[in-house]
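The C-terminal position of the sequence shown is numbered 81 in this note's numbering, with every residue numbered one higher than the one before it. Notes follow once the structure below has been shown.
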Amino acid sequence: VVFTVEGPTPPARDPWGNTRLGLSATTKINRKDFGLTWNSTLETGGILVGDDVTITLDVQFVKA
Numbered sequence: 018v019v020f021t022v023e024g025p026t027p028p029a030r031d032p033w034g035n036t037r038l039g040l041s042a043t044t045k046i047n048r049k050d051f052g053l054t055w056n057s058t059l060e061t062g063g064i065l066v067g068d069d070v071t072i073t074l075d076v077q078f079v080k081a
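Structural data, given as structure tokens:
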């Protein structure tokens with residue numbers, strides 16, 4: 018797991034004065050590591066489903 022923070026970031030407030038925190042994360046997994054092995058060969062010889070799955074999260078929190 019790698020976390021990157023680019024410089025200090027002050028608390029952000031939305032137009033209503035609420036404090037917000039936003040996070041973004043991206044990772045890549047191999048679907049076969051989780052037992053998902055189904056696939057189908059296309060007429061052109063390629064495969065229908067690749068092995069790599071990219072997971073991207075964009076999350077925002079509002080302080081209650």
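The C-beta atom is built at its ideal place from N, Cα and C for all residues, glycine as well.
What distance in whole Å lies between the Cβ atoms of Arg37 and Phe78, which are believed to be in contact at a cut-off of 8 Å? Within the sequence shown, residue 78 is the residue found at index 61, counting from 1. Within the sequence shown, residue 37 is the residue found at index 20, counting from 1. Confirmed, Cβ separation roughly 7 Å.
Thinking C-beta only, is Ser41 closer than 8 Å to Leu74? The sequence position of residue 74 within the sequence shown is 57, counting from 1. The sequence position of residue 41 within the sequence shown is 24, counting from 1. Yes, Cβ-Cβ distance for Leu74 and Ser41 is below 8 Å.
If you follow the beta strand (DSSP E) that Asn47 is in, where does it begin and where does it stop? Position 30 of the sequence shown, counted from the first residue, corresponds to residue 47. For Asn47, the enclosing beta strand (DSSP E) has its first and last residue at 36–47.
Please go through the same chain and pick out, in chain order, the residues whose beta-carbon is closer than 6 Å to the beta-carbon of Val76, but skip the five residues on each side of it. Mapped onto the sequence shown, residue 76 falls at position 59. Sequence-distant Cβ neighbours of Val76 in its own chain, meaning closer than 6 Å and more than five residues away, are Leu40.
Own chain partners of Thr43 with C-beta closer than 8 Å, once the 5 adjacent residues on each side are dropped: Residue numbering aside, residue 43 sits at position 26 when the sequence shown is read from its first letter. Cβ neighbours of Thr43 within its own chain (closer than 8 Å, five residues either side excluded): Thr71, Ile72, Thr73, Leu74.
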